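J.:
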Amino acid sequence: VNKYSTGVGRIWVAVVFMFRLLVYVAAAEDIWKYEHDEFECNIKQPGCENVCFDHFFPVSHIRLWALQLITVSTPSLLVVFHVAYRENREKHHNQKLYRNPGEIDGGLLCTYLISFILKIGFEIVFLVLFYKLYNGFKIPHLVKCDMRPCPSSVDCYISKPTEKMIFLYFLVATSCLCIILNLSELTYLIFK
Amino acid sequence: DWGTLHTILGGVNKHSTSIGKIWLTVLFIFRIMILVVAAEKVWGDEQQDFVCNTLQPGCRNVCYDHFFPISHIRLWALQLIFVSTPALLVAMHVAYRRHEKKRQFRKGDQKCEYKDIEEIRRQRFRIEGSLWWTYTSSIFFRLIFEAVFMYAFYFMYDGFRMPRLMKCSAWPCPNTVDCFVSRPTEKTVFTIFMIAVSSICILLNVAELCYLLTKFFLRRSKKAGNSKQQPNHENKEETKQNEMNELISDSCQNTVIGFSS
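These protein sequences, in sequence, are chains A and B. Residue numbering for the first sequence follows UniProt numbering, beginning at 1 and increasing consecutively. Residue numbering for the second sequence follows UniProt numbering, beginning at 1 and increasing consecutively.
Structure (structure tokens):
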């Protein structure tokens, strides 16, 4: 996709994205690996731990993160497909229809703008989702649970809360940085 | 994953100084490979085998979190990622220059003849002009990141030793409880190793920075010496144009420029 994007902007976006991806794969995945096994409740009642874990973590942070990375990179495919379509059309008609299939004009500009808006939209959606699902970006080390079959209010302990919080903040920071970069590229394209 | 990083940094390798190439090699063989092949296994079972002398549920989780806010292995992974990122800046600058040259070539503007676009793609740029600034600032940032992470490491873990036994009295542990770390000696060995390689990398970066600065000042003084011999009424525009012509003719000759590997 990078071949068809604007000069400096594309590279910054790529760098930040690669950075996020690297951190996710190299560091973050391992932290959440045993989150269910290490989630401990102060009770012997079978089933209580499972129910409490499910109540507090409907979708795990790490899965949301992965989904975010995937959905945010998908709009770039729109641009790739459009350019491929243009090149295909040129080949089919056997004449030069466009000055340069990769040049940003007309329909391709529209596709670009849509892809940027979608990217920004998805980032914001996921940030809001994180915030709403987990009551902010904090991870407590103790949660109180009183779902059945737990007999009464039970203390449940989350594993590695500090480390998870650090990486969550990292996720939010890089997400915001990506939003700002995409916005600046969008305005640059509009004003060109 | 680390493979992608390798391919990208390999591209940077072509445009680095010889010290830069040594740094890249040290980075890959002694840090990334060791991290992936050995260190990750040593820290793999760290919380499973972190045992506290109590049956109280939750005590282990709380004590582990208290003593290891962020695990060594994650700190190193972050350090490596941060340290490799400035090199991407250099790769991006080179790619941008190539892109511009290709655009000029397509327009038919290029004064000298490249046989085809493949030559532009394979060409190796000299580290001067704006590329010098990008390269130097990337080394500077590398240094800063390395130093920050070393300091953070030392600050968080009170030195570089991994103790065998830690006393923990965080709630819900009933009173002061003994907690035992798994594989403390092996972890200490790897910690010291990673710190040592980190220091070597810092030294290499400092050396490279000095090298680039000396070259810059030498080049400047040589130009100042040359211009003193020329007549004084030659204005700045002409000298700039001469420099540019020099640069273009340099790149046109397509000699193996840059620094020897």
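Think of the CB as a built atom: it goes at the ideal place given N, C-alpha and C, for glycine as much as any other residue. If you're wondering where the values come from, they're calculated on a predicted model, not measured in any experiment.
Excluding the 5 residues preceding and the 5 following Asn-254/B in the sequence, name in chain order all residues of the same chain whose CB lies nearer than 6 Å to its CB.
T.: Any reading at Asn-254/B must be qualified, since the residue scores a pLDDT of 40, below 50, and its modelled position is unreliable; no value is offered.
J.: DSSP beta-bridge partners for Leu-165/B?
T.: DSSP, once it has assigned bridges, lists Phe-180/B as partnering Leu-165/B.
J.: Can you give the beta carbon distance from Thr-85/B to Phe-19/A, rounded, assuming they're within the 8 Å contact cut?
T.: Rounded, the Cβ-Cβ distance is 6 Å, consistent with contact.
J.: Flag Ile-70/B as yes if its beta-carbon sits less than 8 Å from any beta-carbon of chain A, otherwise no.
T.: Interface residue, yes.
J.: Just to make sure I have the definition right: I need the residues of chain B whose C-beta is within less than 9 Å of the C-beta of Asp-105/A. Which are they?
T.: Those do not exist, as Asp-105/A stays about 15 Å from chain B at its closest Cβ, beyond 9 Å.
J.: What span of residues does the alpha helix (DSSP H) with Val-80/A cover, start to end?
T.: Looking at the DSSP string, the run of the alpha helix (DSSP H) that includes Val-80/A is 75–93.
J.: Using a C-beta cutoff of 8 Å, does Phe-57/A count as contacting chain B?
T.: No, its Cβ sits nowhere closer than 8 Å to a Cβ of chain B.
J.: Hey, does Ser-159/A have any beta-carbon neighbour from chain B nearer than 8 Å?
T.: Chain B, which has a Cβ nearer than 8 Å to the Cβ of Ser-159/A, makes this yes.
J.: With DSSP as the reference, label Ser-152/A as helix, strand or coil.
T.: Residue state, collapsed to three classes: coil.
J.: By how many angstroms is the C-alpha of Phe-125/B removed from the C-alpha of Cys-210/B?
T.: The alpha-carbon atoms of Cys-210/B and Phe-125/B are separated by roughly 21 Å.
J.: May I have the straight-line CA-CA distance separating Ile-43/A from Cys-156/A, to the nearest angstrom?
T.: Taking the straight line joining both Cα atoms gives about 9 Å.
J.: Within the chosen definition, does the segment 166–177 of chain A reach the segment 20–31 of chain A through at least 3 CB pairs nearer than 8 Å?
T.: Yes, the segment 166–177 of chain A touches the segment 20–31 of chain A.
J.: Per DSSP, Leu-142/A forms a beta bridge with which residues?
T.: Tyr-157/A.
J.: DSSP three-state label for Glu-40/A, please.
T.: Three-state DSSP puts Glu-40/A in a strand.
J.: Taking Cβ to Cβ, would you say Trp-32/A is nearer than 8 Å to His-61/A?
T.: In this structure, His-61/A lies closer than 8 Å to Trp-32/A by Cβ.
J.: Express the C-alpha separation of Thr-136/B and Ser-130/B in angstroms, rounding to a whole number.
T.: Going by the C-alpha atoms only, they are around 10 Å apart.
J.: Taking the alpha helix (DSSP H) that Tyr-131/A falls in, what are its first and last residues?
T.: 107–133 is the extent of the alpha helix (DSSP H) around Tyr-131/A.
J.: Counting only Cβ-Cβ distances shorter than 7 Å, please list the residues of the UniProt domain "Connexin cysteine-rich" (145–212) of chain B near chain A, keeping chain order.
T.: Against chain A - using a Cβ distance shorter than 7 Å - the residues of the UniProt domain "Connexin cysteine-rich" (145–212) of chain B are Pro-172.
J.: I'd like to know if Asp-49/B contacts chain A, where contact means its C-beta is closer than 8 Å to some C-beta of that chain.
T.: Not an interface residue.
J.: So Pro-75/A and Leu-118/A are in contact, right, with Cβ under 8 Å, and what is the actual spacing, rounded?
T.: Contact holds; Cβ gap of about 4 Å.
J.: How is the alpha helix (DSSP H) around Glu-49/A delimited, first residue to last?
T.: Segment 48–56, the alpha helix (DSSP H) holding Glu-49/A.
J.: What whole-angstrom Cβ distance do Ser-182/B and Glu-46/B have, given they're in contact under 8 Å?
T.: That pair is a contact at about 6 Å.
J.: Label Asn-50/A either buried or exposed according to how many other C-beta atoms from any shown protein chain fall within 10 Å of its C-beta, with 16 as the threshold for buried.
T.: By the 10 Å Cβ count, Asn-50/A comes out exposed.
J.: DSSP has Ile-59/B in a bridge; who is on the other side?
T.: Residue identity differs from the one stated: residue 59/B is Cys in this sequence, not Ile. Cys-59/B pairs with nothing; no bridge assigned.
J.: Looking only at its chain, what residues have a beta carbon closer than 6 Å to the beta carbon of Phe-149/B, apart from the 5 residues adjacent to it on each side?
T.: These residues qualify, in order along the chain: Gln-79.
J.: Buried or exposed for Met-33/B, going by 16 or more other Cβ atoms inside 10 Å?
T.: By the neighbour-count rule (16 or more Cβ atoms within 10 Å), Met-33/B is not buried but exposed.
J.: If you compare alpha carbons, which of Val-189/B, Cys-52/B, Ser-199/B is closest to Arg-161/B?
T.: Here the closest residue by C-alpha is Val-189/B.
J.: Here's a check: name, in chain order, each residue in its chain whose Cβ is nearer than 7 Å to the Cβ of Lys-192/A, leaving out the five neighbours to either side.
T.: None.
J.: According to DSSP, Val-42/B sits in a beta bridge with which residue or residues?
T.: According to DSSP, which records beta bridges pairwise, Val-42/B is partnered with nothing at all.
J.: Under 8 Å Cβ-Cβ, which residues of chain A neighbour Leu-78/B?
T.: Those are Val-23, Ala-27, listed as they occur along chain A.
J.: Return the residue from the list Tyr-131/A, Pro-140/A, Ile-11/A that minimises the CA-CA distance to Leu-64/A.
T.: Among Tyr-131/A, Pro-140/A, Ile-11/A, the Cα nearest to that of Leu-64/A belongs to Tyr-131/A.
J.: Specify, as a first and last residue, the run of the alpha helix (DSSP H) that Gln-47/B falls within.
T.: That residue, Gln-47/B, is in no alpha helix (DSSP H); it is neither H nor E in DSSP.
J.: My assumption, with CB atoms under 8 Å, is that Ile-114/A sits in contact with Ile-179/A. Please give the rounded CB distance.
T.: Not confirmed; about 16 Å, so no contact.
J.: Output yes or no for whether 8 Å exceeds the beta carbon distance between Phe-116/A and Glu-185/A.
T.: In this structure, Glu-185/A lies closer than 8 Å to Phe-116/A by Cβ.
J.: Look up Cys-201/B in the DSSP assignment and say whether it is helix, strand or coil.
T.: The answer is helix: DSSP assigns Cys-201/B an H, G or I state.
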